[in-house]
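Residue numbers (this note's numbering): 25 to 396.
A virtual CB, placed ideally from N, CA and C, is assigned to each residue, including glycine.
If you're wondering where the values come from, they're calculated on a predicted model, not measured in any experiment.
To start, the structure itself, in structure tokens.
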Amino acid sequence: MPEIRTIDSARRSAAIAIARVVCILGVVYVHAWTGLNGEALKALRGSGQDNLRWLLMELFGRSAVPLLGLISGWLVAGSMRARNWGDHVTRKARTIVVPMVLWNVIAILLVSGAAWKLHLTAPLPQSLWWTVNEIFILTRNPDINVQMPFLRDLFLCMVAAPLLVRLPGWALVLIALVAGACHVAGFGPPVLMRASILVFFSLGILAQRGGWADRVAARPLAIVALPFILLMGMQLYHAVTVGDDAWPVAQRSLDLILRIAAAAAFWRLSWALAASPARHILLKVEPYAFFLFCSHLILIWLFGPMLGGVFGKMGSPLYPFYLVTQPLMVLGAVMLVGAVLRRIAPAAATVLSGGRLKKVERQAVSRLAPAC
């Protein structure tokens, strides 16, 4: 029996690492380069390529992200170190806030710099306050690194984690319900840019207490995925036929329920992959997952138009191939940059990856810091 528990524990750790890779690769689809502005995208609504884009965004992007918040809450709930507020917050500032700030600075220098010098279509600094907000995400979402509010809000959840892990279950349920209501009503900023992150972080703590991860893993993948598939069908139908701007309350309510179902489905998928031949490759990629999360939009801003010149904008015959393969293209570039940075500037690689590339030769399963 002790041997079985060890095997299950190892598989669970591998599944957590794999879930990070799957989720963060999916995030790239949300920000994939299209070459079109908002009006042009609306003109293509309902087309085959638009439907493919929405499918990939909902299936692998927006629907996978909640699992990252759940995993963070789950890991914090099982860590005794999280109960020491000073040490806990210091560690999370080092592994979440410092990389976030540095990557936002790099984004301004590279992306806005390219817009200024090379006439790239990208945001330019508008004022000192714009720059401060772009770097620290104080009162609004950034214009360049639009994925970074997740890290900003996750850190705030981490600041509250020593209190949250001590609360009774009913109090955590109440917090999740209030945060969910704020998400549906559109409340949150400037305290939380995305109130749903607190929902999933709180549910992650409850999941650790209730053994939800093992319960979901014990069920057949098809059964766990069915609610997600049905709800995603409703979401896609609404997005394609009506649009995101119509019925915002109903849309956000459906979105939140869908994301809960998606988190369960993607956890079960990650559990299956942890016992599949793909496990080894995915665990090799995992140390670069945080680096990928932080840097992918910079690469898309800078190199998306260049590759778009080869494959064409959305609507072009070759664009579907470009769209589908963008996460792998970006991952390849990130792993190359990360490997070079580790060789020529290991200290910078360590800081920018929140410590995850410090000893990349270790198995990814041994690194379970809940930064994303």
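Please return the same chain residues whose Cβ sits closer than 6 Å to the Cβ of residue i, not counting the five positions on each side in sequence.
i, result
"GLY93", "ILE221, PHE224, PHE225"
"PRO90", "PHE224, ARG283, ALA287"
"LEU352", "none"
"SER33", "none"
"GLY417", "Nothing in the structure corresponds to residue 417, since the chain is present only between 25 and 396."
Per DSSP, which one or two residues make a beta bridge with residue i?
i, result
"GLY212", "PRO214"
"SER277", "The partner list for SER277 (beta bridge, DSSP) is empty, contrary to what the question assumes."
"MET338", "SER340"
Count the other CB atoms, across all protein chains shown, that sit within 10 Å of the CB of residue i; report buried if there are 16 or more and exposed otherwise.
i, result
"ALA289", "buried"
"TYR261", "exposed"
"ALA373", "buried"
"THR145", "exposed"
"LEU152", "exposed"
"LEU316", "buried"
"ASN61", "exposed"
"VAL273", "exposed"
"LEU227", "buried"
"VAL364", "exposed"
"MET330", "exposed"
"GLY328", "buried"
"MET104", "exposed"
"SER294", "buried"
"GLY362", "buried"
"ALA237", "buried"
"LEU250", "exposed"
"LEU397", "A question about residue 397 goes unanswered here, because the residues of the chain that appear run from 25 up to 396."
Return yes when the C-beta of residue i is under 7 Å from any heavy atom of the ligand GTP, and no when it is not.
i, result
"CYS318", "The model depicted lacks the ligand GTP and carries no ligand whatsoever."
Would residue i and residue j qualify as a contact pair, given that the criterion is a beta-carbon distance under 8 Å?
i, j, result
"ASN169", "ALA131", "yes"
"HIS207", "LEU280", "yes"
"VAL52", "HIS304", "no"
"ALA219", "ALA203", "yes"
"ALA241", "ARG283", "no"
"THR163", "PRO244", "no"
"ILE42", "LEU306", "yes"
"ILE159", "ILE95", "no"
"LEU326", "VAL135", "yes"
"ALA56", "GLN350", "yes"
"ALA357", "LEU323", "yes"
"LYS116", "PHE211", "no"
"TRP109", "CYS318", "no"
"LEU342", "GLY333", "no"
"VAL122", "ARG86", "no"
Once the 5 residues before and after residue i are set aside, which same chain residues still bring their CB inside 7 Å of it?
i, result
"ALA106", "VAL100, HIS112, ALA185, PRO186, VAL189"
"ALA313", "ARG44, VAL45, ILE48"
"ARG176", "MET124, ILE161, MET217"
"ALA299", "ARG35"
"GLN232", "TRP98, ALA101, GLY102"
"ARG344", "The sequence shown places Pro at residue 344, rather than the Arg named in the question. Closer than 7 Å at the Cβ level, and outside the excluded window around PRO344, lie GLN73, LEU76."
"ALA38", "ALA298, ARG303, LEU307, VAL389"
"PRO370", "none"
"LEU254", "none"
"VAL248", "VAL240, ALA288, ALA289, ARG292"
Rounded to the nearest angstrom, how far is the Cβ of residue i from that of residue j, given a contact under 8 Å?
i, j, result
"LEU376", "ARG366", "Incorrect: roughly 10 Å between the Cβ atoms, too far for contact."
"ALA286", "ALA67", "ALA286 to ALA67, Cβ: 29 Å. No contact."
"MET182", "ILE120", "7 Å"
"PHE84", "GLY59", "So it is not a contact: roughly 21 Å between Cβ atoms."
"THR155", "PRO147", "That belief does not hold up - the Cβ atoms of THR155 and PRO147 are roughly 11 Å apart, past 8 Å."
"GLY193", "LEU230", "6 Å"
Verify the CB distance criterion: does residue i have a CB-CB separation below 8 Å to chain D?
i, result
"ARG243", "The displayed structure is made up of one protein chain only, and chain D is not part of it."
Leaving out five residues before and five after residue i in sequence, what residues of the same chain have Cβ atoms less than 8 Å from its Cβ?
i, result
"VAL309", "VAL45, LEU355, MET359, ALA388"
"GLN259", "GLU82, LEU278, ASP279, LEU282"
"ASN157", "THR163, ARG164, PRO166"
"VAL129", "ILE159"
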